[in-house]
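Q: Supplied in structure tokens, the structure appears directly below.
Numbering (my numbering), first residue to last: 4 to 380.
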């Protein structure tokens with residue numbers, strides 16, 4: 004069984020790329036098909052040890068502003084010749100699932116989310132490009148309209164969908180009218196090598212872009228005057244730092260072990276975005292740190308709230324709305340019940356999302372689908 008992989012693009016290293024690394028480890032592909040590739044950012048990754056096949060979009064000026072070239076992505080992904088594969092596994096959050104398999108090939112899509120820019124995040128995309136109004140806005144909205152048509156049509160090229168959460172599975176069903184099987188992504192749930200002690204401050208860690216809602220967290224902690232460390236970089240860094248009071252410290256981008264140490268020594272991780280899955284809350288729990296998360300999206304599948312005051316298995320608290328009063332109320336509640344969370348329960352829950360579990364489940368899924376096809380043939 005010859006398996007090759009498809010990935011949207013390889014520019015930054017995030018959660019989707021962690022999944023791709025695990026897929027490389029499991030299936031040992033000869034080739035990875037992707038729109039464009041930044042070699043420097045993947046020099047230390049096993050991804051770089053494979054043959055990376057790119058498109059005409061693999062240019063430096065594209066990689067620097069790749070979102071501006073979104074209308075070209077569907078055409079580009081369809082240009083690959085994938086003759087040499089028995090099985091294609093696409094790791095898709097944009098257009099990778101739209102690759103055109105040959106007759107007889109099995110196409111399995113590990114779907115991180117349906118095409119974000121075309122569906123429920125289209126308004127965020129317009130806001131990012133500052134195109135809410137005007138002639139250009141009409142043109143872009145027209146492009147997004149046709150992207151939605153292409154996205155739904157290209158979903159028919161997938162034989163089997165794997166969703167990275169039940170939340171994403173519901174979106175696949177809504178937008179593509181397709182069923183999916185959930186396999187949670189691999190998370191780093193290994194303990195820290197050294198012993199740590201909790202400090203009197205909270206942690207927020209993320210790329211500083213609008214939808215991550217760092218602004219909400221800073222507004223709340225400015226008012227509460229409780230120490231907070233903000234980890235991460237991004238276009239909002241300067242603006243957010245300028246509005247923050249003395250109790251809030253910005254650490255910028257940190258190396259992996261430094262990030263894990265900061266989370267492990269924090270009182271709780273604040274997690275306000277709507278995420279398709281959300282790896283960070285799982286990794287925080289593996290380090291013995293509870294999570295205060297928005298009650299929506301993938302967090303509902305990874306964080307366990309106390310039931311009727313029972314904290315035996317609890318790993319965090321939820322706040323209802325992305326609003327200041329809602330998050331403030333939950334932070335104050337956490338200060339009262341903080342001592343009831345059990346490190347053992349936090350670590351135990353995180354183990355449900357281990358890399359070993361991911362490898363076992365996805366290996367079984369692909370093997371089963373391949374054998375089913377060959378038994379029919």
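Where is the CB? At the ideal position from N, CA and C, for every residue including glycine.
1. For residue 248, count the other beta carbons within 10 Å of its own beta carbon; 16 or more makes it buried, fewer makes it exposed. Which is it?
2. Could you please give me the residues that DSSP links to residue 206 through a beta bridge?
3. Under a CB-based cut-off of 8 Å, is residue 183 close to chain C?
4. In the DSSP output, what is residue 322 paired with across the bridge?
5. With residue 173 as the anchor, note down where its beta strand (DSSP E) starts and where it stops.
6. Apart from the five residues just before and just after residue 194, which ones in its own chain have a Cβ nearer than 8 Å to its Cβ?
7. Under 8 Å between the Cβ atoms of residue 83 and residue 102?
8. My guess is that residue 163 and residue 111 are in contact by the Cβ rule of under 8 Å, so how many angstroms apart are they, rounded?
9. Take the Cβ of residue 157 as the centre, count every other Cβ of all protein chains shown within 10 Å, and call the residue buried at 16 or more, exposed below.
10. Leaving out five residues on either side along the sequence, give the residues of the same chain with a beta carbon under 6 Å from the beta carbon of residue 97.
11. Need the endpoints of the alpha helix (DSSP H) that residue 302 sits in, please.
12. Are there 16 or more other CB atoms within 10 angstroms of the CB of residue 45, so buried, or fewer, so exposed?
13. In three-state DSSP terms, what is residue 7?
14. What number of angstroms, rounded off, separates the C-alpha of residue 317 from the C-alpha of residue 303?
15. Classify residue 86: buried if its beta carbon has 16 or more other beta carbons within 10 angstroms, exposed otherwise.
16. Taking the alpha carbon of residue 397 as the reference point, which residue from 269, 264, 308 has its own alpha carbon closest?
17. Nearest by alpha-carbon distance to residue 363: which of 47, 186, 13 is it?
18. Which residue marks the beginning of the alpha helix (DSSP H) containing residue 3, and which one marks its end?
19. Taking the C-alpha atoms as reference points, what is the distance between residue 339 and residue 320?
20. Pick out whichever of 326, 36, 280 has its Cα sitting closest to the Cα of residue 114.
21. Quick one: what's residue 310 bridged to in DSSP?
22. Following the continuous beta strand (DSSP E) through residue 34, name the residue where it begins and the one where it ends.
23. Taking 8 Å as the cut-off, decide whether the C-beta atoms of residue 253 and residue 295 are in contact.
24. Which first and last residues belong to the alpha helix (DSSP H) in which residue 255 is found?
25. Shortest alpha-carbon distance to residue 345 belongs to which of 308, 355, 333, 371?
26. Beta-carbon within less than 8 Å of residue 3's beta-carbon, same chain only, minus the 5 sequence neighbours each way: which residues are those?
27. Under the three-state reduction of DSSP, which class applies to residue 78: helix, strand or coil?
28. How many angstroms separate the CA atom of residue 218 from the CA atom of residue 326?
29. Mapping DSSP to helix, strand and coil, what is residue 145?
30. Just tell me which of 63, 209, 227 has its CA closest to the CA of residue 240.
31. Within a Cβ cutoff of 6 Å, which residues of the same chain sit near residue 222, ignoring the five residues on either side of it in sequence?
32. Let me check understanding here. Comparing Cα to Cα, which of 242, 198, 203 lies closest to residue 216?
33. Residue 240 lies in the alpha helix (DSSP H); which residues open and close that run?
34. In the DSSP assignment, what are the bridge partners of residue 120?
35. With the cut-off set at 8 Å, would you say residue 24 and residue 48 are in Cβ contact?
36. With a Cβ-Cβ cutoff of 8 Å, do residue 206 and residue 234 count as a contact?
A: Answer, in terms of the structure:
1. exposed
2. 232, 272
3. This model lacks chain C altogether; it includes just one protein chain.
4. 297
5. From DSSP, residue 173 is part of no beta strand (DSSP E) but of the alpha helix (DSSP H) over 169 to 179.
6. Spatial neighbours of residue 194 in its own chain (CB-CB distance under 8 Å, excluding positions within 5 residues in sequence) are listed in chain order as 289, 290, 350.
7. yes
8. 5 Å
9. buried
10. 11, 118
11. Looking at the DSSP string, the run of the alpha helix (DSSP H) that includes residue 302 is 302 to 305.
12. Around the Cβ of residue 45, a 10 Å sphere holds 16 or more other Cβ atoms; the residue is buried.
13. strand
14. Computed Cα separation, rounded: 12 Å.
15. Exposed is the call here.
16. With the chain covering 4 to 380 only, the question about residue 397 has no answer from this structure.
17. Closest by alpha carbon: 186.
18. Past the boundaries of the shown model lies residue 3; the chain is included only from 4 to 380, so the question cannot be answered.
19. 12 Å
20. 280
21. 313
22. Unbroken beta strand (DSSP E) run through residue 34: 34 to 37.
23. Going by C-beta atoms, residue 253 is not nearer than 8 Å to residue 295.
24. Counting along the chain, residue 255 sits inside no alpha helix (DSSP H); it lies in the beta strand (DSSP E) bounded by residues 251 to 255.
25. Per the Cα distances, 308.
26. Because the chain spans 4 through 380 in this model, residue 3 falls outside it and cannot be assessed.
27. helix
28. If I take the Cα positions, the gap works out to 10 Å.
29. helix
30. 209
31. Taking residue 222 as the centre and dropping the five residues before and after it, the same chain places the C-beta of 327 closer than 6 Å to its C-beta, in chain order.
32. Out of 242, 198, 203, 242 has the C-alpha closest to the C-alpha of residue 216.
33. 240 to 246
34. Its beta-bridge partners do not exist; DSSP assigns none.
35. Cβ distance < 8 Å, so residue 24 and residue 48 count as in contact.
36. For residue 206 and residue 234, yes; Cβs fall inside 8 Å.
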